[in-house]
Each structure stands twice: as C-alpha cells, then as structure tokens.
Amino acid sequence: MSKQVALLQGNEACALGAIYAGCDFFGGYPITPSTEVAEEMALMLPRSGGKFIQMEDEIAGIGTVLGAAAAGAKAMTATSGPGFSLMMELLGYGCMAELPCVIVNVQRGGPSTGLPTKGAQADMLQARWGTHGDHQAIALCPSSIEECFTQTVKCFNLAERFRMPVLLMMDEFIGHMREKMTIPQPGELETYTHPRPKVKPAEYRHFGEGTGVGGAYAAMGSGYRFNITGLTHDPKGFPTNRADETKWKMDRLRAKVADHLPELTEVEREFMDDAEIVIFSYGAAARTAQQAVREARAQGVKAGLLRPTVVWPFPDQVVTEALRQARAMVVAELNQGQMILEVERANRTHTRVLPALRYDGEMITPAEVMNVIAEAAR
C-alpha cells in the first residue's frame, strides 16, 4: 500500500491521530485556537462509528468525556486556556476516579480571554497543578505536525495504560502551522487498549489488586458492579474516610507515575555530548531553540539542545545530569518563566540558569535565543 502524504495543520493532525488511536468519542465546546480539532472530529467520528457531541460549555464537555470513559470509550476533548481553566475540577475527578481520557490544550495568550488568536506556552504549570489536592499528571508537548499525530496516539496509549487523564499541551503556533507529513499505515504505530477483567463479577474490585498500571478494569454496564465517585474511596469504589484506606488510595495515585518514571521520561538530545551551553526548550519554542543551537555551533560555541517531549512528569534526572556537565543552561519558552522553575529546582550544582522568554503573542526568534546563549558563554 502506498504511503499517504498530506499537508496538515497541527490541529488536523491531532484529530487524525485520535482516530488512528481508536478514539470513538469526542465531547467539547469550540474555542479558538483549538476549534479545528473539534471540527475534524465532527467529520471523522461518524464515519468510523464513533460519537461526537458539542456541549454548551467546556465543563459539560469534559463531563461527557469522563462519562464516556467510564462506559469504556476512548474519549477526548480539546480546548484552550479559558476552557482548560473551567475543566480543572473535573480533571481532578478524572484523576480520583481513574478515568482514562485525553485532553488537548492548544495554548493561547492569557490570562482571562487574553489573546485568542496568538500562541503561548503559559498553561504549563496549570497542567501539573491546576486541579486541587495531591495528584499526578502526564503531559506531552509536540514540536511538529508529525508529533501532533504521533503524540496524540501516545496520549491515548498512556491514558489506557495508566488509567488517568493525559494532556497534550499544544500551542497556537503548532496548532495552526502547516507541514507535510506521511500518515502512518494501520499497525505502523502501537495502539493500546486496556484489558478487560476475567474474574467473576462477585470477585471484581474496580480499584483492587491488578487494576493499576497495565491492569484489567471493567466498563460500566459490562456486568461488573462497582461505584465511581470523586470522594476518596475503597477498592470497590465506595466512599471512605478511614485513614488506612485514604492512604492506600493516595499512594496508589502517586505510584502510578512515580514508580514508572523511566517509562515516562522522553527527552530528545542534540549536540549534547560536549555541550557547555545547554538550551532547554519544548513545543513550538524548541524549533527556534534548535536553530539557535545550530547557529551557535557554526560560530564555535559548544551548545546543545534538550527537548522534552513528555513535560510532566518533569525529567528531573536528565536535567540534573545536563546541568552538572554544563557551564550554563538557557530555558527558552513562550511565557514569563514557568518550566524554568522546574529546571532551577533540578539544579544541584549551582550552574547558571538563564531565561530566554517571549510572551507578547509572537514567536521567539533564533536571534533572541542567540543573545542569551552569548550571555551564557561569557
């Protein structure tokens, strides 16, 4: 079969990736600059036997997604900053109830209504800490149109495997940029669906042993009896305030991510073998950072690039090791300084950490990053 090559926006590639992953439900509300994701899903889902529903707002949108996930669907929604804020309470519900789904945030300038048609990376800390209470987060960040496709597939795989909401942190630049990409053939990329329980219904515990990462769990209406609630609950899903059961539940949620950090650490490296000035960047900003690193190399500066494709959990060990070998690290991002706080937290050697920031709705330029590289090299 000949390969299909297409000129796609990032938002379109994201929707195609969702269909490839087996998404069969989309619930949401259109909001700039993510609207094309919903538009494409509205066209494609009926053709593949799925369901699309446009709700009255983003709160209802994520509510339908969590309900569909509980019923066994591979479900997703897409939004931008203001809608993402509205989703925070139910994002926490999805974490507590352990409901696998994908939430796409095509970031724009904020706060409040902000810059609907301009890009930013200003929701990165919100992705980790936006909902209340102790919880974990898995978030991916694409830097190309191809990655909008492949990382959407990966988000679904991770949601199914880790049994939790997974975030795709895009931005307006990537969402609306067009690039040529080759559409993967069926079976070319791994797709994962969690196993269903094989025990007798009377023996089933929805949050019991064997239902965690990679484990089997049932869909509502499939013949297994269990309860789903946002309250702290026991292995059957029924509310509890017992100290031992509360600790068990919270430890279970933490261990999902904390015990699988090697699997969840993905960082692309370029020119890192002898790098003295390391550029840490992600998403759209990483494209500029990569160009700046190559220009610095051409000028004799030993610069290297670290680009995390999984931004949460933060790749502490990788960053700490890079800081240990470097004279300085430059953090290039489209905000007033968010992931740089994580870099500084991971700094065990007092290596200089310098910001290269832009937050006016325009893309940071290679020259702007080069200026900070030059400062770091002094």
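In terms of the numbering used here, the sequence shown has 342 at position 338, counting the first letter as 1, and numbering is strictly consecutive. For every residue, glycine included, the Cβ atom is placed at its ideal position computed from N, Cα and C.
Query, Result
"Which one or two residues does DSSP pair with C105 in a beta bridge?", "P169"
"On the DSSP letters alone, give me the boundaries of the alpha helix (DSSP H) that A326 sits inside.", "320–329"
"Would you mind working out which of A74, L361, N245, G137 sits nearest S226, comparing C-alpha positions?", "A74"
"In chain order, what residues of the same chain have a beta carbon less than 8 Å from the beta carbon of E164, not counting five sequence neighbours either side?", "K78, P104, Y196, T197, H198"
"Quick one: is T186 buried, meaning 16 or more other Cβ sit within 10 Å of its Cβ, or exposed?", "exposed"
"For the alpha helix (DSSP H) containing S84, list its first residue and its last residue.", "Where S84 is concerned, there is no enclosing alpha helix (DSSP H), given that its DSSP letter is neither H nor E."
"Quick test of the definition: if touching needs 3 or more C-beta pairs under 8 Å, does the segment 117–129 touch the segment 27–40?", "yes"
"Are the beta-carbon atoms of A25 and F160 separated by less than 8 Å?", "yes"
"In whole angstroms, what is the alpha-carbon distance linking F153 and L172?", "11 Å"
"Between the C-alpha atoms of E194 and V323, what's the straight-line distance to the nearest angstrom?", "28 Å"
"Any idea if G341 is buried or exposed, counting beta-carbon neighbours within 10 angstroms, 16 or more meaning buried?", "exposed"
"Could you give the C-beta distance for G14 and G179, rounded to a whole number, given that I count them as a contact under 8 Å?", "5 Å"
"How would you label R362, buried or exposed, when you count the other beta carbons within 10 angstroms and need 16 or more for buried?", "buried"
"When you compare the segment 291–300 with the segment 362–372, are there three or more beta-carbon pairs, one atom per stretch, that lie closer than 8 Å?", "yes"
"Can you list, in chain order, the residues of its chain whose CB lies under 8 Å from that of G216, leaving out five sequence neighbours each side?", "R167, R256, A259, K260"
"Straight-line CA distance for S147 to E366?", "16 Å"
"State the DSSP-derived secondary structure class of F2, mapped to helix, strand or coil.", "This structure does not reach residue 2, given that the chain is present from 5 up to 382, and the question cannot be answered."
"Just to confirm the assignment, what range does the beta strand (DSSP E) spanning I57 have?", "55–58"
"So, under 8 Å CB-CB, A360 and V376 are touching, yes? Tell me the CB distance rounded to an integer number of Å.", "4 Å"
"Relative to the C-alpha of M128, which residue among H136, S116, T117, A141 is closest?", "A141"
"Give the list of continuous beta strand (DSSP E) stretches no shorter than 3 residues that lie fully inside the segment 279–310.", "281–285"
"Check the C-beta distance from D175 over to L11 and give it rounded, since I have them as a contact under 8 Å.", "Contact doesn't hold; Cβ gap of about 20 Å is too wide."
"Are the CB atoms of F284 and L335 within a distance shorter than 8 Å?", "According to the sequence shown, residue 335 is Val rather than Leu. Yes, the Cβ-Cβ distance between V335 and F284 is below 8 Å."
"Which residues mark the beginning and the end of the beta strand (DSSP E) in which K122 is found?", "119–123"
"When we look at the beta-carbon of S84 and count the other beta-carbons within 10 Å, is it buried (16 or more) or exposed?", "buried"
"Answer with buried or exposed for G31, where buried requires no fewer than 16 other C-beta atoms within 10 angstroms of its C-beta.", "buried"
"Counting only runs of 3+ residues fully inside the segment 211–282, write out the beta strand (DSSP E) ranges in chain order.", "271–274"
"Give the straight-line distance between the Cα atoms of V282 and R273, rounded to the nearest whole angstrom.", "10 Å"
"Roughly how many angstroms separate the alpha carbons of G65 and E299, rounded to a whole number?", "45 Å"
"Where do the ends of the beta strand (DSSP E) carrying R352 lie?", "Premise fails: R352 is in no beta strand (DSSP E) and is neither H nor E."
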